[in-house]
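The C-terminal position of the sequence shown is numbered 380 in full-length UniProt numbering, with every residue numbered one higher than the one before it. We put the CB at the ideal spot given by N, CA and C, even for glycine. Since the structure comes first, as structure tokens, the remarks are kept for the end.
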Amino acid sequence: MAPVNVVVVGASYAGLHIAHSLLEVPDVKVALVNPSTNFYWNIAAPRILAKAEAFKAEQYLLSITDAFTKYTARKVEFILGTATAIDVAAKSVSVTPNDGEARSVSYDYLVLASGSTTTSTTGEITGFSIPFKQSNRDDLKELIEAAQQTITGANNIVIGGAGPIGVELAGELAEAVEQSGSAATITLVSATDRVLPMLKPSGSSAAANMLQQKNVKVITSTRVTDAEASGDAWMVSLDNGEKICADLYIPTTGVIPNSGFIPEQFLDKDGWVKVDKEMRVESSENIYAAGDITNNSMRLSFKAVEQARVAAHNLKVDILGNGERKSFDQGESIMMVVPVGESGGTGQIYGFTPFSFMVKMIKGKDFFISKAAPMVAGKA
Ligand SMILES: Cc1cc2nc3c(=O)[nH]c(=O)nc-3n(C[C@H](O)[C@H](O)[C@H](O)COP(=O)(O)OP(=O)(O)OC[C@H]3O[C@@H](n4cnc5c(N)ncnc54)[C@H](O)[C@@H]3O)c2cc1C
Ligand SMILES: *[C@@H]1O[C@H](CO)[C@@H](O)[C@H](O)[C@H]1NC(C)=O
1 MAPVNVVVVG ASYAGLHIAH SLLEVPDVKV ALVNPSTNFY WNIAAPRILA KAEAFKAEQY
61 LLSITDAFTK YTARKVEFIL GTATAIDVAA KSVSVTPNDG EARSVSYDYL VLASGSTTTS
121 TTGEITGFSI PFKQSNRDDL KELIEAAQQT ITGANNIVIG GAGPIGVELA GELAEAVEQS
181 GSAATITLVS ATDRVLPMLK PSGSSAAANM LQQKNVKVIT STRVTDAEAS GDAWMVSLDN
241 GEKICADLYI PTTGVIPNSG FIPEQFLDKD GWVKVDKEMR VESSENIYAA GDITNNSMRL
301 SFKAVEQARV AAHNLKVDIL GNGERKSFDQ GESIMMVVPV GESGGTGQIY GFTPFSFMVK
361 MIKGKDFFIS KAAPMVAGKA
């Protein structure tokens with residue numbers, strides 16, 4: 001039997017799981033395309049960026065290629081590069097390798113797992129990257145180090161947005177300031193009238209209290225309208241007319257799909273890939289998608305893995321020609337734990353606001369960093 005060729009675009013939470021899972025199938029060959037050699041445990045980004053000493057780089061940047069050496073070269077090819085276009089009729093993907101000539105890679109099945117980025121990662125507002133996500137190049141170690149240095153050197157930091165990333169970052173930064181004995185100030189600007197507006201009010205007020213205790217200045221019901229460089233500093237304008245002078249402005253809002261290479265027919269108006277419940281790309285035969293890139297609105301890593309499980313299973317059913325298909329439903333319930341520094345935090349678990357010490361135990365102590373190795377190995 002001729003091998004079945006599967007091309008997976010994106011090697012992060014979703015793509016890694018699918019690649020490993022399909023490699024278990026005899027006669028399947030996987031080409032995995034990703035612009036970085038390392039997987040990034042970005043869940044820990046707020047602590048990594050605020051506290052350079054908290055983790056070692058090898059705990060949050062893990063080799064993708066090492067995780068695939070257990071398969072033969074006939075089964076798997078890792079292509080260090082970027083997918084730039086898809087030719088649906090010819091069933092091929094154009095890939096520009098980091099080094100070398102652009103090439104075309106043929107597929108029988110295609111998996112889109114290219115995820116999302118953020119405005120802070122691209123640096124499109126401030127001209128400087130605070131990498132909360134993969135940079136979509138192979139330079140993350142350098143970017144993280146540069147961001148850590150800038151953050152450590154800043155005396156006035158303004159964070160825009162009080163979702164989980166903004167709150168976690170504010171908590172970590174405030175703790176770093178406390179630990180170093182510096183006099184830096186941290187301001188968190190929230191457009192909503194309470195921080196973490198997706199949680200029950202008790203979760204929001206718990207977070208607000210913890211931030212206050214850590215001397216974070218929280219400004220609610222206020223939008224950042226502009227952030228302008230003035231010399232070495234930033235002038236952050238608020239919609240109440242106030243201006244804050246900061247040496248660093250970090251926006252934490254804005255999730256951007258990595259969909260530049262995906263034909264428009266597959267995208268919704270915001271650029272996310274339209275998938276059905278079986279994770280098949282709408283109006284396609286042999287293309288699946290999973291994770292942040294899809295139009296499932298809960299863009300969380302554990303949802304990405306759940307989607308990856310369903311996509312991998314249904315792909316196997318297609319390839320082997322037997323088995324029951326599975327479906328994915330993101331559900332309604334909010335599942336979230338938000339550390340505010342190392343000592344505690346808040347969130348929502350099955351409708352309840354967890355005790356602060358529970359958040360510390362679950363996530364605050366290490367941001368699940370020990371799960372990074374099983375994730376890259378396909379054991380998550
Ligand atoms: C600061 C922060 C903290 C978070 N914390 C949590 C948390 O605590 N819990 C939780 O559940 N979720 C958390 N999330 C969300 C989580 O990061 C995402 O849900 C998760 O990364 C989605 O995984 P993915 O595999 O779909 O895509 P991504 O992780 O976005 O990965 C996509 C991959 O595809 C690659 N790629 C992109 N374009 C191309 C291309 N053209 N060609 C080839 N490769 C490409 C990228 O470089 C990347 O490697 C957090 C997010 C942020 C920003
Ligand atoms: C994604 O898009 C498809 C096609 O438009 C739609 O059927 C599906 O309900 C959407 N998913 C979500 C979670 O909105």
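Requested in this report: Using 7 angstroms as the cut-off, classify the Cβ of Tyr60 as near or not near the heavy atoms of ligand 1, replying yes or no.
Outcome: no
Query - Coarse secondary structure for Asn98, derived from DSSP in three states - result: coil
Query raised in the report: Is the distance from the Cβ of Val310 to the Cβ of Ala289 below 8 angstroms?
Result: no
**Report entry** Cβ neighbour criterion (16 or more within 10 Å) applied to Gly260
**Finding:** exposed
Requested in this report: Kindly examine ligand 2 and report whether one of its heavy atoms sits closer than 7 angstroms to the Cβ of Ser333.
Outcome: no
Query raised in the report: Looking at C-alpha atoms only, which residue of Ala174, Ala19, Thr252 is the closest neighbour of Lys133?
Result: Thr252
Query raised in the report: How about Tyr47: is its Cβ closer than 7 angstroms to a heavy atom in ligand 1?
Result: Just to set this straight, residue 47 is Arg in the shown sequence, not Tyr. No; taking the cut-off as 7 angstroms, the Cβ of Arg47 has no heavy atom of ligand 1 nearer than that.
Query raised in the report: For the candidate residues Asp108, Tyr40, Leu16, whose alpha-carbon lies nearest to that of Phe68?
Result: Leu16
Query raised in the report: For Ser5, which beta-bridge partners are listed by DSSP?
Result: Per the sequence presented here, residue 5 reads as Asn, with Ser not at that position. Looking at the DSSP assignment, Asn5 forms a beta bridge with Lys29.
Requested in this report: Out of Ala147, Val255, Gln330, point me to the one whose CA is closest to Asn296's CA.
Outcome: Gln330
Query raised in the report: Is Val93 near Ala83, with beta carbons less than 8 angstroms apart?
Result: yes
Query raised in the report: Going by C-alpha distance, which of Val305, Val105, Met235 is nearest Leu32?
Result: Val105
**Report entry** Proximity below 8 angstroms, CB of residue 433 to CB of Val28
**Finding:** The requested residue 433 does not occur in the structure, where the chain is confined to residues 1 to 380.
Query - Val255 in three-state terms, based on DSSP - result: strand
Query raised in the report: Considering only C-alpha positions, which residue in the set Gly123, Gly163, Ala208, Thr96 is nearest to Met336?
Result: Gly163
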